[in-house]
Amino acid sequence: MEALCLSKICSPVQENPLLQRRWKHLHGLKLADRFPRECSKIDVLIGLDYYYDFVSQEVRHGHAGEPVALRTLFGWIVCGSIDEGNKVRNVRSLHALVMEDPNEILRKFWDLEALGI
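Take a look at the structure:
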């Protein structure tokens with residue numbers, strides 16, 4: 001597995017309601033996150049290329065339009081839309097593309113340092 005270390009992955013995620021009270025199919029699940037939750041900073045972002053290494057086949061569905069719960073190595077995660085009435089919805093997307101090998105960048109840096117540049 002490869003990791004890219006950044007000081008900031010994305011903007012903080014919005015606060016979330018107490019999900020387990022609202023939907024019966026989520027009752028009793030040990031969630032990977034605490035709910036209700038204040039606005040939170042993202043510490044780790046797992047790319048889709050590694051996603052299925054962490055997610056099992058166990059899924060809890062509710063009615064159409066309700067969030068779905070997936071069991072992961074970290075606990076249950078909740079995916080899907082949460083209707084909050086007339087609240088403004090924000091969409092965030094992050095795309096990181098590393099074009100050059102970090103070791104090669106470091107080698108070039110030290111080559112320039114050796115030249116006094």
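Counting in full-length UniProt numbering, the sequence shown tops out at residue 117, every number present. Cβ coordinates follow ideal geometry from the N, Cα and C atoms, glycine included.
For this session: Say whether the region 20 to 30 touches the region 41 to 53, bearing in mind that this needs 3 or more beta-carbon pairs closer than 8 Å, one atom from each stretch.
Result: Output reads no: the region 41 to 53 does not touch the region 20 to 30.
Problem set entry | Residue of 26, 24, 8 and 34 minimising C-alpha distance to residue 15 | Among 26, 24, 8 and 34, the Cα nearest to that of residue 15 is on 34.
For this session: Kindly indicate which residue of 63, 54 and 61 has the alpha-carbon position closest to the one of residue 74.
Result: 54
Exercise. Span of the alpha helix (DSSP H) holding residue 105?
Worked result: Counting along the chain, the alpha helix (DSSP H) containing residue 105 begins and ends at 102 to 115.
For this session: Helix, strand or coil for residue 22, going by three-state DSSP, please let me know.
Result: helix
Exercise. Name the DSSP bridge partner or partners of residue 77?
Worked result: 70
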